[in-house]
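Trainee: Quick note on our numbering: the sequence shown kicks off at 546 and runs consecutively. Glycine included, every Cβ here is placed at the ideal spot set by N, Cα and C. Remember, it's a predicted structure, so these values are computed and weren't measured experimentally.
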Amino acid sequence: MLASREVRARVVRVQRETPEVTTLTLRPTDTWGGFRAGQHVLLGVELAGARRATRCFSISSSQTHGRETFTITVRGHDEGHVSKHLAAHARPGLVVHLSQARGEFTLPSPLPDRLLLVSGGSGITPVMSMLRTLVDQEYAGHVRFVHYSRSPEHTIFAEELTDLARRENIELTVVHTRDGGSRLTSDRLASLVPDHADVDAFACGPAGLVEQVRRAYAEVGAKNRLRVEYFKTSTITPSAAGASGQVRFEVSGKTGENTGATLLEQAEALGLRPEFGCRMGICLTCTSRKSEGTVRNVVTGAESSLPDEDIQVCVSTPLGDCTVDL
């Protein structure tokens, strides 16, 4: 806790939100610079064998007192070593490594008169940070909040959402997809917010949900009013089918047959250990230089053949021969 440059944080409170989700309250060192609602941090913990693992977590608390304490809300995924470790084993007193806050998924300044917030599952965490900040700042405008979860038992912050919905300027809709709730479509969004083309919106969650919001705003010519963040990679799944060529990791001198997996996964299969954080294309930790070849972004589906470009290897799959500076 006495580090002069690096940031550390001590867990001071652990609160269970659902059977799978836990909120940790962190008190950072003086080297912490605070955050803006909607941002995320890279958090590192020491796992078995004194190995430090780092992952990306959105901040879920209001930014009002963000230099003193803040919260992250963690779902203990079976495949997520850090999230599972924190959700199951974090206790008050645990010290973690911390980055400064990052990300551009933040509220505008000045604030507009109306806001639309859309989230799904764990994607509620940065949106909740925004909502809590708006309440603390006594925002006088109107907030339309639409959240998707599997069931009442899986709804994070359910009790607080109920309280917030009692406020005159917050209109809340929670949709439980396992209980027959309608999934979001352009028509469904238009029925919930008929004039959404005139409302600034923020959407975070699984790629399928976010893409529906993007499509709805594109159809009414209002893409510039929407900001999005993904919490899970899209349905464009890397596949060995049709994969060809070789992948060369130039710095290490490693070369392998293109398996169709992401460049991060292919590098790890060859014994390399590139830096990464979220593995979802959010935190930019894994950004590397591609000197040759074509890659596809598994989140957006976009392809690029530009030479000497920076790419996020966690969400980039090579199409044919590819050379990366790793």
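Is there contact here, the stretch 671 to 681 with the stretch 605 to 614, by at least three beta-carbon pairs under 8 Å?
Mentor: Yes: the two stretches touch, three or more of their Cβ pairs being nearer than 8 Å.
Trainee: Examine the Cβ distances between the stretch 614 to 628 and the stretch 557 to 571 and report whether three or more of them are shorter than 8 Å.
Mentor: As far as the Cβ criterion goes, the stretch 614 to 628 touches the stretch 557 to 571, which means the pair count is three or higher.
Trainee: Return the bridge partner residues of S833 from the DSSP annotation.
Mentor: S833 pairs with I856.
Trainee: L864 by DSSP, collapsed to three states: which one?
Mentor: Strand at L864.
Trainee: Less than 8 Å between the CB atoms is what I'm expecting for I827 and E774, so what's the real figure, rounded?
Mentor: Yes, they are in contact, since the Cβ atoms of I827 and E774 sit about 7 Å apart, within 8 Å.
Trainee: Start and end of the alpha helix (DSSP H) containing A746?
Mentor: First-last for A746: D745 to P751, but that is the beta strand (DSSP E), not the alpha helix (DSSP H).
Trainee: If you run the structure through DSSP and keep just helix, strand and coil, what is A735?
Mentor: It is helical.
Trainee: Judging by CA-CA distance, which residue of G726, F776, L871 and S789 is the nearest neighbour of P863?
Mentor: The residue with the shortest Cα to Cα distance from P863 is S789.
Trainee: Which same chain residues, not among the five before or five after H630, have their C-beta less than 7 Å away from its C-beta?
Mentor: Cβ neighbours of H630 beyond the five flanking positions: V590 and L592.
Trainee: Smallest Cα separation from L815: which of C831, G798 and C823?
Mentor: For L815, the nearest C-alpha among the options comes from G798.
Trainee: Measure the beta-carbon distance from V663 to A746 and round it to whole angstroms, keeping in mind my assumption that it falls under 8 Å.
Mentor: Contact holds; Cβ gap of about 7 Å.
Trainee: Buried or exposed for V858, going by 16 or more other Cβ atoms inside 10 Å?
Mentor: Label assigned to V858: buried.
Trainee: Taking the alpha-carbon of T830 as reference, which of I701, L729 and L809 has the nearest alpha-carbon?
Mentor: Checked all of I701, L729 and L809; the closest Cα to T830 is L809.
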